[in-house]
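J.: Position one of the sequence shown corresponds to residue 1 (the UniProt record's numbering), numbered consecutively onward.
The beta-carbon is built from N, C-alpha and C at its ideal position, and this holds for glycine as well.
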Amino acid sequence: MMQKKKGEECNLLPIAEDYFNAMFGEIGEMKGLILDSETSGIISIIYTQSKLYKHDVYLIQKIEDVH
Numbered sequence: 001m002m003q004k005k006k007g008e009e010c011n012l013l014p015i016a017e018d019y020f021n022a023m024f025g026e027i028g029e030m031k032g033l034i035l036d037s038e039t040s041g042i043i044s045i046i047y048t049q050s051k052l053y054k055h056d057v058y059l060i061q062k063i064e065d066v067h
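1. In chain order, what residues of the same chain have a beta carbon less than 6 Å from the beta carbon of Phe20, not counting five sequence neighbours either side?
2. Exposed or buried, which one is Leu12 when buried takes at least 16 other CB atoms within 10 Å?
3. Closest to Gln61 by C-alpha separation, out of Ala16, Leu33, Met23 and Ile43, would be which residue?
4. DSSP beta-bridge partners for Ile57?
5. Short of 6 Å in beta carbon distance, which residues of its chain neighbour Glu17, apart from the five on each side in sequence? Order them along the chain.
6. Where does Leu52 land, buried or exposed, given buried means 16+ other C-beta within 10 angstroms?
7. Note down the Cα distance separating Val66 from Ser40, rounded to an integer number of angstroms.
Set out below in structure tokens:
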């Protein structure tokens, strides 16, 4: 197990961004996201609306709002 050095932080945001970039890259057409509140929070930290548009994501909906 790797030990953290004193003062070293573990930043998971680049890892999450790489994961979502790979997922967005698998589909070459327009996309819509249906997200739970936790994932919605993660996406909002990583991506701006314009960054999502660059990945052809045009619809973002919370799963709680879907009937």
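T.: In terms of the structure at hand:
1. Excluding residues within five positions, none has a Cβ falling inside 6 Å.
2. Residue environment for Leu12: exposed (fewer than 16 other C-beta atoms within 10 angstroms of its C-beta).
3. Nearest in C-alpha terms to Gln61, of all of Ala16, Leu33, Met23 and Ile43, is Leu33.
4. Residue identity check: residue 57 is Val in the sequence provided, not Ile. Bridge partners of Val57: Lys31.
5. Ile46, listed in sequence order.
6. The residue in question, Leu52, is buried, as its Cβ has 16 or more Cβ neighbours within 10 Å.
7. Computed Cα separation, rounded: 14 Å.
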